[in-house]
Amino acid sequence: MAVAVPGPPDRLPGVRMAGFEAHGAGPVDIAMVPHPSVTVLVDLSDEGGLVYDVRGRRQHGSIVVGLAPGDLRAGGRAGVCLQIRLDPAVAAAILGTPAALSGAVVSLDDVWGRDAGRTADRLRTAASWDERFGIAAEVLARRLRTRPAVDAEVAHIWRRTLAGRGRLRVEDLAGEVGWSRKRLWSRFGAQLGISPKRAARLVRFDRAAHLLAAGHAGADVAARCGYVDQSHLHRDVKAFAGLTPAAVAVAPWLAIDHIAWPTTQVS
Numbered sequence: 001m002a003v004a005v006p007g008p009p010d011r012l013p014g015v016r017m018a019g020f021e022a023h024g025a026g027p028v029d030i031a032m033v034p035h036p037s038v039t040v041l042v043d044l045s046d047e048g049g050l051v052y053d054v055r056g057r058r059q060h061g062s063i064v065v066g067l068a069p070g071d072l073r074a075g076g077r078a079g080v081c082l083q084i085r086l087d088p089a090v091a092a093a094i095l096g097t098p099a100a101l102s103g104a105v106v107s108l109d110d111v112w113g114r115d116a117g118r119t120a121d122r123l124r125t126a127a128s129w130d131e132r133f134g135i136a137a138e139v140l141a142r143r144l145r146t147r148p149a150v151d152a153e154v155a156h157i158w159r160r161t162l163a164g165r166g167r168l169r170v171e172d173l174a175g176e177v178g179w180s181r182k183r184l185w186s187r188f189g190a191q192l193g194i195s196p197k198r199a200a201r202l203v204r205f206d207r208a209a210h211l212l213a214a215g216h217a218g219a220d221v222a223a224r225c226g227y228v229d230q231s232h233l234h235r236d237v238k239a240f241a242g243l244t245p246a247a248v249a250v251a252p253w254l255a256i257d258h259i260a261w262p263t264t265q266v267s
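With full-length UniProt numbering applied, the sequence shown corresponds to residues 1 to 267, in that order.
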């Protein structure tokens, strides 16, 4: 699979993009491991394209994957696909309804309306990945300018949750922004669609998944990520991905992360 990434001019804060091409490949069946971002997958295939299986329900075409969607697989015949990862605080402005997307997988048409089809057509007819990234950056930047962002406190707490690798106490985070625990729980959930505690679990799981993919043993991953024991790690991995730690370790979607997103943390 060929992977393309944008250069600095097309990078936006809180937005990461990568392009994938697998022309001539046979049918694919990929377990898509949850990630602490809202993900937009724009299917640019000429025909066939990707089919997504979400808890036994099948969807086609371009989709938006909310935070912690659970067991999600992509199948069909891979062609050309643009993947956009959005910081949840940025997704609030770009998508408009991030809270409603949490744990969900919905059609991009349902989120963007006619703009989804127009954008996909422009991307499909572009002559290069550089041009595609430029078009996507233009569309995303326009939406960022015209829609409200989340509270600064909510954005701060999300950033601190990422920086702390999901191991900071909710009470301490609330104190950093001068909010009560109750207010933090309410505002964070209303704007990002996920509780602060579940957000921390998702961030911790993401680190664990990438350590497993990097070849670290389950017991070592459990200790480094703050799980009580290896059984606790197993339960969390199963809850988020519908897979065992051994299956997550060889998941193709994770295996290409270091190529598509070289700064993925596995330390």
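A virtual CB, placed ideally from N, CA and C, is assigned to each residue, including glycine.
Nearest neighbour of residue i, chosen from the options [CA to CA]
i, options, result
"LEU184", "ILE157, VAL203, THR161, GLY61", "ILE157"
"residue 296", "LEU192, ILE194, GLY166, VAL154", "Outside the shown range of the chain (1 to 267) lies residue 296, about which nothing can therefore be said."
"ARG201", "PRO34, ALA104, ARG122, GLU176", "PRO34"
"ARG204", "ASP172, ALA239, LEU192, PRO6", "ALA239"
"LEU243", "MET17, ALA31, GLY19, GLY7", "ALA31"
"ALA209", "ALA247, ARG167, ARG187", "ALA247"
"ALA149", "PHE188, THR119, SER128", "PHE188"
"GLY215", "GLN83, ARG159, ALA251, ARG165", "ALA251"
"ALA249", "PRO262, HIS234, GLY175", "HIS234"
Identity of the residues DSSP links to residue i by a beta bridge
i, result
"MET1", "In the DSSP output, where bridge partners are listed per residue, MET1 has none listed."
"GLU21", "ALA2, VAL80"
"ARG165", "DSSP output for ARG165 lists no bridge partner at all."
"VAL15", "LEU86"
Status (buried if at least 16 other CB within 10 Å, exposed otherwise) for residue i
i, result
"PRO8", "exposed"
"GLY79", "buried"
"ILE259", "exposed"
"ALA219", "exposed"
"SER62", "buried"
"PRO13", "exposed"
"GLY66", "buried"
"GLY193", "buried"
"THR146", "exposed"
Cβ-Cβ separation, residue j to residue i (assumed contact under 8 Å), whole Å
i, j, result
"ALA68", "SER45", "Not really, about 27 Å apart at Cβ, beyond 8 Å."
"GLN230", "ALA222", "5 Å"
Unbroken stretches of the beta strand (DSSP E), 3 residues or longer, contained in the segment 28 to 107: Within the segment 28 to 107, the complete beta strand (DSSP E) segments at least 3 residues long are 38 to 43, 50 to 54, 57 to 60, 63 to 65, 72 to 77, 80 to 86, 105 to 107, listed from N- to C-terminus.
List, from N- to C-terminal side, the alpha helix (DSSP H) runs of 4 residues or more that fit wholly inside the segment 183 to 231. Within the segment 183 to 231, the complete alpha helix (DSSP H) runs of at least 4 residues are 196 to 213, 218 to 225.
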